[in-house]
Structures are given as structure tokens and as C-alpha cells.
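Data first, discussion second: the structure below is written as C-alpha cells.
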Amino acid sequence: MTDTNTPTALAPTNFSKGQRILSGMRPTGWLHLGHYHGVLENWVRLQHDNACFFFVADWHALTTHYEDPRGLAQHTRDMVIDWLAAGLDPEKATLFVQSALPEHAELHVLLSMGTPLSWLERVPTYKDQQEKLREKDLATYGFLGYPLLQSADILLYRADQVPVGADQVSHVELTREVARRFNHLYGREPDAAERLTALLGTLDKETVKKYQRLARKFQEKGDSEALHYGQLLVNQLSGLSDAERERLRSGLDGSGRIILPEPQALLTEASKMPGLDGLKMSKSYGNTISLRESPEQVRDKLKKMPTDPARVRRTDPGNPEHCPVFQLHEVYSSESTRQWVCQGCTTASIGCLECKEPVIQAINDMLIPMRERAEPFEQDPAHLQRILSRGNERARAVAQETLRDVREAMGLIGSWSS
Ligand code: TRP
Ligand code: SF4
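Under my numbering, the first residue of the sequence shown carries the number 1, and numbering increases by one thereafter.
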């Protein structure tokens, strides 16, 4: 199923496919090979069989860079061009910008009402980042609340899976707790508690004790094994109607109606992409190759790349283990090329420039089509704008649906609300 032939349709037609997937990226401007192998390659693969939502987390950037927001819009454009260059297809995935959708802010504020401060204070990134970015004043409300903003980002689209790096898993965990609490507080019928108590009164005391212990274990500690045993227990009870069984089940997990489903973290393996100096490729180290680098620039950067310091002269043998170029061979070369390198390097039968050649070729073969895809967007900013406007609209359709349910569950329905 595809919506390529109906460019005016607002809602994507691919919702029935696979899983609902959502992820966000802070607008950092031009992306490099580390971003590609670490994140984008994965996004591109996911877009084919799933309903994907990928967005620019520009408000998130403000939580740490509120003092210097200049360049945010330009960084957003540059980054989305790189997404498209890498192969994200706006007909397959919904690409949008967080700040274009105030719905994220509305859900954030509604979730904030019932979120204990301690949940945010104990998110590991809170203290870590404050330590790491000590030159910035991060004792702000926005910074403390940013994982909850992320929860709103995720829950607004009722995502099943959230591709993230290991550093973000705790935020998805928080999101699950927030969803569970929301469903618990607002998903139940008003007299659910009384009905459950009455039903428990008809069961034998041992069973009730067991049931309550398992329910507490799950609701207070998120112990999913306890939930599983609780469900088994409920299934084994005889002489209950379907409605009674259902009541016991929702009493177990603490929720009646699931308004906000709990998402799963889809752990993305950290990219081992080495930079031009052998350290991890990162903008702050100045060791990157960007996705829109020209073939000449790639060649130039690779030529200048340091090699095993033992190879002072062409006739000195080297050791690939001590050479950052070999790390690139590990990413881009076949087994036989790597053998050629090892053999040639340790016997000084090849020169370093010769050794770099297959890597230069491989990177350029990959980047040339990316540059070609980026070009029309560089030429015509309105084209990019149209893609994002459409993505924003498609995202909004989903976000509004969730918010309608959330507002209703929280009692915010009246003649004044549209
Ligand atoms: N916080 C993430 C980061 O700093 C970006 C992000 C924001 C995100 N909202 C998200 C990722 C929702 C996944 C889902 O990298
Ligand atoms: Fe590095 Fe290759 Fe030179 Fe050996 S031959 S030092 S692996 S660039």
C-alpha cells in the first residue's frame, strides 16, 4: 500500500503496516557518517514496513541551548535535507518539526500535573548532563522536565517502538511509567474501585491476598513477572463471568481503558564509526566526514588522515592495529581487502595512499547518490518547506486524535473546547 499517488491526502495510508514507530533528533545541522551508521541507516530500513514518525526535536535543543537559539531554523533545514539525502522517503515516513505542533506542549503540560518530581530527578541523564555541561546553567524547569516532554512526544503518537541509543533508554522507561499512571488515573470507570472491592469480597481470602500482592508489585515496581502471574491466577479462577474476569484483570495492571499505550525502546546499537583521527566521529572533535561532502573533499580528508606513526618512510612496515585508516576498512571493506591491507602494511609492500584508496572509493560510492538527492532541496527551499508542511499536517491528525481522548479522560470537555 502506498500513498505516492495521492499527494493531497493528509493522513498516511500506511498505519496498518507493522508497528507505529517514533523517534526524534535534535537539530544539529549537517549530519556526518557517524549519524548515518548510528541512526539514519536504521530509520531508512524501518520506514519500509512500519508507520514511522521522525521529527526534529527543536524544543529539546532549547532545553540545553536556550541562551543561544540562533541557527535553530537553519540547522533544522540542513538536518532534514540530510535525512532525505540518506534515503528517508516522505511518502513512506512522516517527517515533521516539533515546534510546528503545539500539541506536544499541551500533552506535556497535562502529563506534568500527575508526574512526581522525584521521577524526573532520578532520570540518570539529569545529573549526568548537568555535570557534563557544567559551563551551562541547567538548573532550569525546562531541563528538569525535558524527559517528560519526550514522553509527550512519544505518547502523542501512541508509538509502539521508539528507536533510541542506550543513553535514552531511561527516557522511554519514564514514558512507560507515565503512561501507566495516566491510564490508572484516567482510564477507569468512576466506580471501578468499588466494583473491584465487591468482587474480591466474593473470592477466598488466600486468592485475594495473592492477587493484591501481585497487583502491588506490578503497579508500584513495574514488575512484569508479577503481572504475568496475576494474569495466570485470574485465568485459573472458576465460576466467573467474562466481565468479572475483565474487572480483575484491569485491577491487576491498574488500568481500565488504555488511553496511552506503553511504548518499547528499540535499542539502536551505538555506532562504532571512527572519525578521521581514530576517535569516535563527532562534530566537537572536528574529525567528521559530512554526508554532503564532495568526492574531492572526501579524498582530500582521507589523504591527510594520520596512519600508523611507525610508518615514517614508505619502506617502514606498519601495524594496521595502530592505524585509524584500518578502522575505516573495518566498516567499509570486504574480508579480502582487509587481508590485502594487513599483508601489504606489515611487509611495507603497499603505501598508505594506496591503502586508503578502497576506503575513499567506498565512501564516495555511498555519498554520491546522497549528494544527488540533496541537491534539489538545496536549490529550492520551498520544496523542503512543502515536505515539512505535509509531514506536520499528517502528524497533527494523529496528535489531535490522541489529545481528544486525553482531554476527555481528564474531564476537559466543554463548549469552550474546540
Ligand atoms: N531526547 C532525544 C535526544 O536528545 C531526542 C528526542 C526527543 C527523542 N524526543 C524524542 C527521541 C522522542 C526519541 C523519541 O537525542
Ligand atoms: Fe594504515 Fe594502511 Fe598505512 Fe598500514 S598501510 S599504516 S593500515 S594506511
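We put the beta carbon where it would ideally sit given N, CA and C, even for glycine.
Under DSSP, Ile21 forms a beta bridge with Cys52, Gln161. Close CB contacts of Ala93 within its chain, under the 6 Å cut and outside five residues either way in sequence, are with Gln47, Cys52, Phe54 (chain order).
Within the segment 243 to 331, the complete alpha helix (DSSP H) segments of 4 residues or longer fall at 295 to 304, listed in chain order. For Val341, the three-state secondary structure derived from DSSP is helix. Only residues of its own chain outside the window of five on either side were considered, and among them Leu110, Tyr186 have a CB closer than 7 Å to the CB of Met410, listed in chain order. Listed in chain order, the non-local C-beta contacts of Lys301 below 7 Å within the same chain comprise Leu276, Ile289, local neighbours out to five positions each way being set aside. Distance from the C-beta of Asp277 to the nearest heavy atom of ligand 2 is not below 7 Å. The C-alpha of Arg292 lies about 12 Å from the C-alpha of Phe377. When the beta-carbon positions are compared, Leu388 and Leu95 come within less than 8 Å of each other.
According to the DSSP secondary-structure assignment, Leu95 is paired through a beta bridge with Phe54.
Taking every protein chain shown into account, the CB of Glu189 has fewer than 16 other CB atoms within 10 angstroms, so this residue is exposed. The segment 237 to 250 makes no contact with the segment 137 to 155, as fewer than three CB pairs between them are under 8 Å. The C-beta separation of Glu262 from Arg176 comes to about 4 Å, placing the pair in contact by the 8 Å criterion. Ile154 has its Cβ nearer than 7 Å to a heavy atom of ligand 1. The Cβ-Cβ distance between Pro295 and Asn183 does not fall below 8 Å. In this structure, the CA atom of Arg216 is about 18 Å from the CA atom of Leu199. Between Gly24 and Gln98 the beta-carbon gap is near 7 Å, inside 8 Å, which marks them as a contact.
Residue pairing by DSSP places His32 opposite Ser290 in a beta bridge. Judged by DSSP in its simplified three-state form, Asp204 adopts coil rather than helix or strand. With the rule of 3 Cβ pairs closer than 8 Å, the segment 56 to 73 does not count as touching the segment 320 to 337.
For Ala85, the CB contacts under 6 Å within the same chain, skipping 5 residues up- and downstream, are Leu291, Met370, Arg373, Ala374 in chain order. Tyr66 carries a coil assignment under DSSP once its states are collapsed to helix, strand and coil.
Around the beta-carbon of Arg314, fewer than 16 other beta-carbon atoms lie within 10 Å, marking it exposed.
A Cβ-Cβ separation of about 4 Å places Ala100 in contact with Asn392 under the 8 Å criterion.
In the DSSP assignment, Ala382 falls within the unbroken alpha helix (DSSP H) covering 381 to 409. For Ser241, the three-state secondary structure derived from DSSP is coil. Under the three-state reduction of DSSP, Arg181 is assigned to helix. Within the chosen limit of 7 Å, ligand 2 reaches the beta carbon of Pro320 through at least one heavy atom. Short note on Leu88: C-beta not closer than 7 Å to any heavy atom of ligand 1. Proximity to Val162 across Arg134, Val208, Gln264 peaks at Gln264, based on C-alpha coordinates.
Nearest to Gln231 by C-alpha distance, out of Arg245, Lys221, Glu220, is Arg245.
Relative to ligand 2, Asp308 has its C-beta within less than 7 Å of a heavy atom. For the options Pro90, Gly34, Met79, Tyr66, the alpha carbon positioned closest to that of Arg386 is the one of Pro90. Shortest gap from the CB of Val39 to any heavy atom of ligand 1: 7 Å or more.
At a Cβ-Cβ threshold of 8 Å, Ser271 and Gly114 do not count as neighbours.
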